[in-house]
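**Q** Have a look at this one before I ask anything.
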Amino acid sequence: IIGAVVIFRDISERLNTEKQLTHALNELQDLKSRLEQQNEYLQEEILQENQYHEIVGNSASILQIIEKIKVVASTDANVMIYGESGTGKELIARAIHQSSHRKQHPLIRVNCAAIPSELFESEFFGHVKGAFTGAIRDRAGRFELADQGTLFLDEIGEMPLPLQTRLLRVLEERAVLPVGAVEAQPVDLRLISASHRDLGELVAAGQFREDLYYRLNVIEVLLPPLRERRGDIPALVEVLGEDLALRNGTAPPEIGR
16 IIGAVVIFRD ISERLNTEKQ LTHALNELQD LKSRLEQQNE YLQEEILQEN
66 QYHEIVGNSA SILQIIEKIK VVASTDANVM IYGESGTGKE LIARAIHQSS
116 HRKQHPLIRV NCAAIPSELF ESEFFGHVKG AFTGAIRDRA GRFELADQGT
166 LFLDEIGEMP LPLQTRLLRV LEERAVLPVG AVEAQPVDLR LISASHRDLG
216 ELVAAGQFRE DLYYRLNVIE VLLPPLRERR GDIPALVEVL GEDLALRNGT
266 APPEIGR
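Right, here's the structure in full:
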């Protein structure tokens, strides 16, 4: 060997560009995954959507509720809706969301009574890949999906006490920690809860955290059952008849009053 020629080239900029590109691709993949999951939840919402998109009724109690919705919608205060099953608690939650400044963002619904206890944390707060057996990819929880929008917790009285503690921490810190993660994710959302049970009685019985109760029960909406507002029945029957006629392609029925 007579000699050698060595060429040095500074590739720091290229490495930095590749690093930024990799970071951008990872963020894009995370965003794609989040949008796919959000779409799944929104499709569920479409399937479960109430057949009436407006509140029907002219009774004094319904008019009072509508006025309260107008006031509540302009704030970000947590709302607690009480009412028997079938009184339209979700419809009120939708009305509050659609009247608020968050209406361009999703309304994510969670039925606390329908989620198995072992899946509560993952469903609410999400998880990272490998957090447990079967966690093959990162999954955003309902809180993260509702970021900038509204989270509706139906039948919150059925939430287990350990998860109530986690929920309280989220409300205090405005951030969620996915299962298996080490870094919390900030969230900005409006929380609306509903129950057919009196949370005050659950607190007295030691089945619900008192501090969480006061966090959720900032503004209270009471929904009366239809038997207490029978004057709204004709209007409801008329709307139902028009809806059925539209679905069946027939003329609306004539309903005597």
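Each residue of the sequence shown is one higher than the one before, starting from 16 at the first, in the working numbering. Note that CB positions come from ideal geometry on N, CA and C, so glycine has one too. These numbers were taken from a predicted model, which means no experiment stands behind them.
Find the nearest neighbour of R154 within the set A196, V202, E173, E253, judged by alpha-carbon distance.
**A** Nearest option by C-alpha distance: A196.
**Q** Provide the residue span of the beta strand (DSSP E) that contains S210, from first to last.
**A** That run of the beta strand (DSSP E) goes 205-210.
**Q** Quick one: is T102 buried, meaning 16 or more other Cβ sit within 10 Å of its Cβ, or exposed?
**A** Counting Cβ neighbours within 10 Å, T102 comes out buried, since at least 16 surround it.
**Q** Quick one: complete beta strand (DSSP E) runs, 3+ long, within the segment 226-260?
**A** Counting only runs of 3 or more, we get 234-238.
**Q** Our contact map puts K144 next to R152 with C-beta atoms below 8 Å; I'd like the distance itself, whole angstroms only.
**A** Going by Cβ atoms, the distance from K144 to R152 rounds to 5 Å, so yes, they are a contact pair.
**Q** For A161, is the classification buried or exposed, using 16 other Cβ atoms within 10 angstroms of its Cβ as the cut-off for buried?
**A** Buried is the call here.
**Q** Under the assumption that K83 contacts V236 (Cβ atoms under 8 Å), give the Cβ distance between them as a whole number of angstroms.
**A** Their Cβ separation, rounded to whole angstroms, is 6 Å, which keeps K83 and V236 in contact under 8 Å.
**Q** Just to confirm, are V233 and A88 a CB contact at a threshold of 9 Å?
**A** No, these two residues do not count as a Cβ contact at 9 Å.
**Q** So, is V202 buried or exposed, given that buried needs 16 or more other C-beta atoms within 10 angstroms?
**A** With 16 or more other Cβ atoms within 10 Å, it is buried.
**Q** Cα separation between H142 and P240?
**A** Their Cα atoms are separated by approximately 39 Å.
**Q** Roughly how many angstroms lie between the CA atoms of P32 and G98, to the nearest whole one?
**A** The sequence shown places Thr at residue 32, not Pro. Cα to Cα, the separation comes out at about 57 Å.
**Q** Quick check on L183: does DSSP put it in helix, strand or coil?
**A** L183 falls in the helix class under three-state DSSP.
**Q** Would you call the CB atoms of I171 and S208 closer than 9 Å?
**A** Yes.
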